[in-house]
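Input: a single structure, listed below in C-alpha cells.
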Amino acid sequence: MDGLLFIAGLALFLCLVVLPISVVISLGRGNRNQREIAQLTLTISQLQKQVDDLRFVENGRARPTPTPEHVVQPVVAKKTHDFAAHAAQPPAVKPVADIVPPSITVPLTPAVAAIPLPQPPATKPAADIPQEPKNDLLSGLVSWFMQGNPLAKLGVLLLFFGLAYLMKYTVERDMLPIEFRLIGAAAASGVLLWLGWRLRAKQTLYALILQGGAVGALYITVFGAFRLYQLLPHTLAFGLMLVICAASVGLAVMQRALSLAMLASIGGYLSPLLLSTGGGSYIALFSYYLLLSLGILTISVWQPWRPLNLLGFVFSFGVAGLWGVNNYLPEYYLGCQLFLIANIVIFGVLCLALTLRAQLPGEKIIDGTLLFGPPLIGFGMQYLITRQWEFGPAFSALGFGLAYLLLAWAVLKRYPSLGRMLAVSSLALGGVFTTLAIPLALSAEWTSMAWALEGLGILWLGRQQKQIRMSLSGSGLLVLALASALVALGAGMTTLSFTLVFAVLALTWLAAAFLWRDMGGDAVFRQVVSRGLLAGGILLWLVCLLGFTGRLPLYYRQGAFLALALLTLSVVLWRWAAQRLAWLELRYSIWLLWPAMLAMLMSQLNGLDPLLASGWLNLVWLLALSVAYWLLKREAGSLPLLRLQQGLHLSLFWLVVFALGYEVLWHTLRLPWGMDEWQLGLQMGFLSLIMLATHGALRKGCWPFDEHRQLYGAIALAPLAALALLLLLVGNVLDGVSMGWHYLPLLNPLEEGAGFALLALVTLGLFVRREYPQYATLLRRILPLFTLAALFWWGNGTILRALAYYADIAWRVDTLWGSRLVQTTFALLWMLIALIVMVWSTRRGQREVWFGGAALLGIVIVKLILVDSARGGGLARAISFIGVAILVLIVGYFSPLPPKAVRGKAPTVASERGNV
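Here the sequence shown stands for residues 12 to 927, where the numbers follow our numbering.
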C-alpha cells in the first residue's frame, strides 16, 4: 500500500509541478534558439557579401548590386521568464581583414570604400553592469536551478528520492541483505559518476548533473552504512567522506563546475554532523572544517566562486556558533581562538582579495556579505570567548580594528584603483572596532572624551579628503560621545570628571562646527550642520560652567557669581577667537552675556535681599557690566539690524536701572513707621535723578547716550516717566509730616521729590519736542497744559498740608472738607488763579486759555453757592462771597473776552468793544 501511495504521489508531482516547469523552460529555450539562429544567419550573410565584394575588387571590377530576393529579419525577442532571459552570446567572428591574403594590395575605389562594414554589436558599458552582487540566497538557488539543464537537475533530485524510498521499501520487507543494498547504491553511484565523466565533452551540463548526483549518492551511502547499519567504523567512514569531498572538488575545478563544487562542499561540511556520535573532539571538528575552508580558499585561486565562499562562511561560522553556545568552556579558548582567526582571515580577507584579483578593469564588485559578515559575527564569538577577562573584549576589538586598518593600507597599496572600495570599507571597519574598544576598556566618562576626540579627528580627515560621508561619521561619533557623557552623568560623576568631560565635549563640538564651515558639498546643509554643532558646543560649555560652579562647596550666591565671572571671561575669549578665525556665527554668541546677567540678577532678587548684601562679590557685576559696554562699543555695529543694536542698548540700560531701583526700593520700604513721605520722596528723587542724569549725558555727548539719542532720551525713559507720573498722583495725598520733623512748605522730602520729578518730566517733554519734529506741534500745546495742571495739583496740596499743619486740622477727608478755613482759602485761591489766567489770556489774545480761567471761576461760584452757603451764616461765608465778588469785578474790568482772530490782521480789544 505504501508503494502504491509513493507511485501515486510521484505521478501527481510530475504532472502538477515538473510538467508545467518543463513546458515553460522548453518555450524559453525555443525562443532563445530562434534568436540565435537568426543572428547567426544574418552574420553569415554579411560575411558572404563582404567576401564577394573583395573578390570582385581583386578581379578589378565592381560587383553588380543584386536585387535582394530575401532578407532575413532578426527575430524580435519576446518577453519570457527570467530564467530564459540570458541568451548565449554568438561566437566571436574573425574580422574580414584576416580573410584577405596579405599579398593582395589592390587600392580600393571610392565605390568599394563606401561599402559599409558590419559593426560589432554594441556592448553594454561597464558603468551599466550591476556593481553589487545579489545577496538573496533564495533567488540565487532558484537562478542556479533554472540555468543550464533544469530537467536533468530535477531528474537527479527525483532519483535521490526514488532510491531513498526504494531502500526503505526493501528494508521494510527484508527483500535484500543490508550489504547488497549498500553495494548496489555504491555501484549505481559509481555508474552515474563514470557516465557523467564520459559525457563531459558532449553534454557538459548533463554530465555535471550526473556527477553531482553520483557524489550525493556516495555521501548518503557512506552515511547509511555508518549511522543506520553500523557496518563502517567512524574513522573509515569519515575518511571515505573526506576522499569523496576531495575527489569531487577536484572534478569541479577541472571542469569549472560550480554546482559540483557546491555539492561536494555541502557533503563535506555535513559529514561530521551526520557521522557524529556526540563524543567527538571539538579540535578534530574545527581542524576538519578549517581544512575544508582552506580547500575553498585554494579553489578561489583558480575559480573565485562567490556561492562557494558563502557556503563555507555559513557552515564554518554557523556550526562553530551553535557548538559554542552549548559546549564552550574557558579551557577551550586556544583552539577556538585559532579557528576563529583562521576563518576570519580566510573568508573575510583572502577570499575577498582573490575575488578582487579576478575582477575585470572597470568593475567594482565587493561582496558585502563576506566583507562585513566574518568580522561582525567573528567579533560576537570573540566577545563570548574573552568575556571572562576584564579587558579581553576591549583588546579583541582593538585587535580587530588594527587588523582591518592594516588591511585597508595593504589593499590600497596593492590595488590602488580596483581595491579602493574594499580599502574604504576596511578602513570603516577598522575605525568602528577601534572605537568599540574604548567603551569596552574604559568607563563612560573616558569613553565620551575618547569618542569626542576620535570623532573630531575623523571629521578633520574627511575635510582634508573632501569626504562628506567620513565627516558625517565623525559628527555622529560626537553625538555618541554626548550620549556616553549623559549615561555617565546619570550614573554619578565627580566634579573633576564632570568638568573635564563636558569641557572636552564643548571644545570638540566647537572645533567641529568650525571645520564644517569650509566643508564641500551643499552650502545650506553645511551651514545647518555647522550652526547646529556651534549651538551644541556653546550649550555644552554653559553646562560645564554651571555644573562646575554648582558642584563646588560654595554658598549658592558665590557659585552664581563665579559662573557669571567665568562666562564673562568666556565671552571675551569667544570674541577674540571669532576675530582671529573670521567666524561670524561665533561672534554672535558673545551676546549671551545679556541673559546671563539677567539670570544672575533674578537669582539675587530671589532671596529678597539687597544687592549690596553680596559684598565684595558685586565686583563681578563691575566686571560683567564693563565687558558688556565694551562689547556694545566694539561689536554692536556688526549686527545686521539696527533694531538688534537698539535692543541690546535698551535691555542693558533697563537692567542697570532695575538693579539700582530695586536697591532703592528695598531700603526705602524698610524705613521706620511715620516715614512714608521719605519713602515716596526718595523714590521720586531716584527716578528724576536717572532721567536728569541721562539728559545731562546727552547734552554733553557722552557714549553710548549720544550714539542713540532718541533711544536713551525718550524710549528708555518712558517707563520711568510713567512711574514718576503715578508717584506724583499718589504722593500728593500725604500730609507731608514725618516723624520727628516739622512741616515746612516746599522744604520737605515729599515736595522736593515731587519738584525734581516734575522737572524731569518737563525736561523729557522738551527733549521729545526737539528730537521728534512730527510731535512738536502737539507737544507745544500739551506740555504747558501738563505743567500747569501738575503745578495746580501740587500747589493745592502744599496749601492744604500747610493749613492742616499750622491750623491743627486733622488730616482726614471729613475734617478737611468741613473746615471753613480750608473752604474759604481755596475759594479765594482758585478765584485769584482764575483772575491771573484770564488777565494773562486777554493780554495774549488766547481765547482758549481765557475760557479755562472762566471755567475755574465758574467752579468757584458753584462752590460758593452749593458748599459755602449750605453751611449757614458766619463771617467766613461772608468774607468768601465778598472776596469772590470783588475779584469777579476786577476780572470783568481787566480781562474781557479776547476777540476772535480776523483773517488778514491780528485781533484787538477795541474791535471787540464795539460789539458790547
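The beta carbon of each residue, even a glycine, is placed where N, CA and C say it ideally should be.
Being a predicted model, the structure only gives us computed values, none of them experimental.
According to DSSP, is residue i helix, strand or coil?
i      : result
Trp400 : coil
Lys424 : helix
Gly547 : helix
Gly332 : helix
Ala896 : helix
Arg598 : helix
Trp316 : coil
Gly306 : helix
Ser292 : coil
Val748 : coil
Thr76  : With a pLDDT of 48 at Thr76, under the threshold of 50, the modelled position of this residue cannot be trusted; read the value that follows with caution. Reduced to three states, the DSSP call for Thr76 is coil.
Tyr394 : helix
Gln478 : coil
Lys213 : coil
Gln241 : coil
Asn337 : helix
Asn759 : coil
Tyr754 : coil
Ser407 : helix
Ala268 : coil
Pro106 : The pLDDT assigned to Pro106 is 41, lower than 50, so where the model puts this residue is not dependable; a value taken from the coordinates is nonetheless given after this. Correct three-state label for Pro106: coil.
Tyr566 : coil
Leu453 : coil
Check whether the Cβ atoms of residue i and residue j sit closer than 9 Å, and answer yes or no.
i      : j      : result
Gln690 : Leu703 : no
Asn743 : Trp805 : yes
Pro621 : Trp677 : yes
Leu946 : Trp520 : Residue 946 lies beyond the stretch modelled for the chain, which goes from 12 to 927, so this question has no answer here.
Leu303 : Cys256 : yes
Cys347 : Gly335 : yes
Thr446 : Leu488 : yes
Val779 : Ala725 : yes
Leu381 : Arg431 : no
Gly441 : Leu413 : yes
Asn354 : Tyr293 : no
Leu516 : Ala496 : yes
Met611 : Ala588 : no
Met392 : Ala331 : yes
Leu634 : Ala576 : yes
Tyr566 : Leu616 : no
Phe444 : Ile388 : no
Val260 : Ser276 : yes
Pro315 : Tyr300 : no
Met530 : Glu456 : no
Leu253 : Ser311 : no
Leu322 : Tyr280 : yes
Kindly give me the distance between the Cβ atoms of residue i and residue j, rounded to whole angstroms, as I take these residues to be in contact under 8 Å.
i      : j      : result
Ala197 : Leu210 : About 21 Å separates the two Cβ atoms, so there is no contact after all.
Val860 : Val848 : 6 Å
Met460 : Gly473 : So it is not a contact: roughly 21 Å between Cβ atoms.
Leu204 : Ala236 : Between Ala236 and Leu204 the Cβ distance is about 18 Å, and since that is not below 8 Å, they are no contact.
Leu867 : Ala845 : 4 Å
Phe697 : Val675 : 5 Å
Ile352 : Leu305 : Not really, about 14 Å apart at Cβ, beyond 8 Å.
Pro450 : Phe411 : Actually they do not touch by this definition, with Cβ atoms about 14 Å apart.
Arg425 : Thr506 : Not a contact, Cβ separation roughly 52 Å.
Tyr816 : Val748 : 6 Å
Ala771 : Ala735 : 7 Å
Cys555 : Ala514 : 5 Å
Can you find a CB in chain B that lies within less than 9 Å of the CB of residue i?
i      : result
Arg854 : The chain labelled as chain B is not found in the depicted structure, where only one protein chain is given.
Using 8 Å as the cut-off, classify the Cβ of residue i as near or not near the heavy atoms of the ligand SAM, replying yes or no.
i      : result
Leu775 : You won't find the ligand SAM in this model; it holds no ligand whatsoever.
Those runs of the alpha helix (DSSP H) which lie wholly inside the stretch 810–885 and span at least 4 residues: 824–829, 831–855 and 858–874
With a floor of 4 residues, list each alpha helix (DSSP H) that falls wholly inside the stretch 495–564, ordered by position along the chain. 506–528 and 534–562
Quick one: complete alpha helix (DSSP H) runs, 4+ long, within the stretch 675–743? 687–711 and 729–742
Quick check on the DSSP output: what are the complete alpha helix (DSSP H) runs of length 4 or more inside the stretch 569–654, in order along the chain? 595–599, 604–616 and 630–646
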